[in-house]
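In this text, residue positions in the sequence shown follow the numbering used here: the first is 5, and each later residue adds one.
Even glycine gets a Cβ: it sits at the ideal position worked out from N, Cα and C.
In this text, all values refer to a predicted model and were calculated from it rather than measured experimentally.
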Amino acid sequence: MTTRNRLLGGALALALLPAAGWAQTTTLLSENFNELTPQLAVTSVGAFSAIDGSNVDLVGGGLFGYLCVAPTTIICVDLDGSGGKSQGMLQSNSAFTLVPGVDYYLSFDLIGSQRGNTASASVDFGPYSQTFTLASGDVSGGIISNELVTVSAPTTAFLTFSSNTPGNVGTLLDNVTLTSRRAAVPEPGTLGLAALGLLALGVRRKRG
């Protein structure tokens with residue numbers, strides 16, 4: 005085999021790599037609340053806000069920090085706040101436009117109240133809607149990792165965590181992430197390489 009044929013063969017092999025199979029992943033939201041100051045009855049919570057007049061409690065450190073047991077860490081959110089409308093509804097500050105052909109992955113840690121009562125919370129994000137009812141010490145039943153969310157038509161959606169438990173002792177939330185992933189579009193250089201590979205294949209066949 006001549007040097008030219010070896011080079012053309014190498015170009016062909018590279019051109020036929022499944023470039024479109026590679027995925028592009030984007031982080032749309034990542035919030036662990038650790039940058040916030042623990043306090044009771046708050047309405048602004050990092051990438052989220054309490055809506056409909058409700059509030060939540062940010063607990064951690066010397067302010068009921070013992071509640072944030074693993075897998076929650078340092079600071080977590082008690083979805084039942086203190087005083088007023090304490091049954092919290094926590095919503096992302098931004099709406100997300102979900103489009104067909106893109107995979108969205110939702111993760112969060114939702115654990116029991118750690119204070120003796122069973123508590124419930126609902127999570128809504130576009131077509132994803134799930135209610136979790138957790139015993140006080142349940143630290144696994146509300147752990148969601150990379151839950152796949154897809155849509156068949158463009159959809160505008162907020163990510164919302166809502167307490168279903170009246171009072172000031174609710175489920176605890178932490179480590180919320182949302183990512184998107186779509187198939188990569190081949191770059192112009194990749195398309196050119198593919199053309200070169202096909203040309204090489206044609207040359208070799210003609211000479212054969």
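Quick check: what's the CA-CA separation for residue i versus residue j?
i: Asp178; j: Thr30; result: 20 Å
i: Gly146; j: Gln134; result: 10 Å
i: Ile148; j: Asn121; result: 22 Å
i: Asn59; j: Val46; result: 5 Å
i: Gly85; j: Asn38; result: 18 Å
i: Tyr228; j: Thr160; result: With the chain represented from 5 up to 212, any question about residue 228 goes unanswered, as that position is not in the structure.
i: Cys72; j: Gln118; result: 9 Å
i: Gly92; j: Ser53; result: 10 Å
i: Gly66; j: Asp107; result: 40 Å
i: Ser111; j: Ala157; result: 22 Å
Where does residue i sit, in a helix, a strand or coil, going by DSSP?
i: Gly92; result: coil
i: Gly66; result: coil
i: Leu40; result: coil
i: Leu177; result: strand
i: Leu83; result: coil
i: Arg10; result: Model confidence at Arg10 stands at a pLDDT of 48, short of 50, so the residue's coordinates are unreliable; what they give is reported in the following sentence. In this structure, Arg10 counts as helix in the three-state DSSP scheme.
i: Leu18; result: Per-residue confidence for Leu18 stands at a pLDDT of 41, beneath the threshold of 50, marking its modelled position as unreliable; the derived number appears in the next sentence. In this structure, Leu18 counts as helix in the three-state DSSP scheme.
Going by the beta-carbon positions, is the gap between residue i and residue j smaller than 7 Å?
i: Ala102; j: Gly174; result: Before going on, a small fix: residue 102 reads as Leu here, not Ala. The answer is no: Cβ separation not under 7 Å.
i: Ser98; j: Asn172; result: no
i: Thr164; j: Ser34; result: no
i: Val155; j: Pro104; result: yes
i: Leu40; j: Ile79; result: yes
i: Pro75; j: Asp128; result: no
i: Pro42; j: Gly64; result: yes
Which partner residues of residue i appear in the DSSP bridge assignment?
i: Ser220; result: This structure gives no information on residue 220, because the portion of the chain shown stretches from 5 to 212.
i: Ala3; result: The requested residue 3 does not occur in the structure, where the chain is confined to residues 5 to 212.
i: Ala125; result: Phe136, Ser167
For my contact list, residue i and residue j are in at a C-beta cut-off of 8 Å; report their separation, rounded to the angstrom.
i: Gly116; j: Ala125; result: That belief does not hold up - the Cβ atoms of Gly116 and Ala125 are roughly 10 Å apart, past 8 Å.
i: Gln95; j: Phe162; result: 5 Å
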